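Okay, so here's the structure we're looking at.
In the UniProt record's numbering, the protein residues as written are 1 to 319.
Structure (structure tokens):
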């Protein structure tokens, strides 16, 4: 079958279209004929071996697919350790979720990682309360575009979006943000407070890193929370000093999606069910960021790393 493989770690240039043997499902697993593959920022880290979970070579990247099982069920699935950039993929049965009618491939894949991430950040990390102000960095991206919508649906008082272009800022406003500011602002602390009517902010969702994180922490109100879930800028923020958290009664929290499966109860399933319901009710939608043929996975990674993309990127292994 056709797949995209990594045999040496590096940037987009290491993604190589190849022919490989079809995977064989074991007990408790399901074989999926892949119709679409979701492309995530984590995939770029996986290809260069800078992800939280170490990669092993040779590697077929990709952690999420939507398609048909051998018995005809339409499912969206999380894959353990990759394997998604291919015509067929194997998933643990418990990680394959049936897709309801009215939820297309784009929305199904967007909710699996980005949607669930936004849900968990707002519900479990930030504990959003009605009326609170929410800053969403990278608000036109996969997670950000969903987080903006969820924050509004769940009663945020003011949603402040940051994005790098006027086009992206306009999209964030269209999705429900109350104000959108330039992510390249020289002083993000002042920019966020000004966008919040001169007041400090309650919640920040951050996947940028570097000075963006540092200056966002400085913008938090007493009992404000910053939820950190990525480092797209590939720059480390400054170490957080506990005395500063004490002095300002603020919280900095991190989130890595795999840890959700260690929680009691079916938190991930609950998140997906609610997200799919919101889509069916017309209260939530994914943003299409572009669809690429499987052989063009390198171009998809280049686009994602440039931070010039909007919404969700997909690969089509049938092309």
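Think of the CB as a built atom: it goes at the ideal place given N, C-alpha and C, for glycine as much as any other residue. Values in this document were obtained by computation on a predicted structure and should not be read as measured data.
Query                                                                                                                                                                    : Result
Pairs of beta-carbons, one from the stretch 253 to 264 and one from the stretch 222 to 233, closer than 8 Å: are there three or more?                                    : yes
Following the continuous beta strand (DSSP E) through residue 96, name the residue where it begins and the one where it ends.                                            : 96 to 98
Smallest Cα separation from residue 98: which of 168, 75, 120, 285?                                                                                                      : 75
For residue 289, which residues from the same chain have a beta carbon less than 6 Å from its beta carbon, with the 5 sequence-adjacent residues on both sides left out? : 309, 310, 311, 312, 313
Going straight from the alpha carbon of residue 183 to that of residue 1, what length do you get?                                                                        : 42 Å
Flag this pair as touching only if the stretch 257 to 276 and the stretch 105 to 122 have three or more C-beta atom pairs under 8 Å; answer yes or no.                   : yes
Alpha carbon to alpha carbon, how far is residue 82 from residue 124?                                                                                                    : 26 Å
I'd like the ranges of any alpha helix (DSSP H) spanning at least 4 consecutive residues and lying wholly in the stretch 93 to 169.                                      : 105 to 110, 116 to 120, 142 to 153
In chain order, what residues of the same chain have a beta carbon less than 8 Å from the beta carbon of residue 211, not counting five sequence neighbours either side? : 188, 235, 237
Report yes if the CB atom of residue 84 is closer than 8 Å to the CB atom of residue 37, and no otherwise.                                                               : yes
Any idea if residue 145 is buried or exposed, counting beta-carbon neighbours within 10 angstroms, 16 or more meaning buried?                                            : buried
To which residues of the same chain is residue 57 closer than 8 Å at the C-beta, ignoring the five residues directly before and after it?                                : 6, 7, 8, 9
With a 10 Å radius around its C-beta and 16 neighbouring C-beta atoms as the bar for buried, classify residue 107 as buried or exposed.                                  : buried
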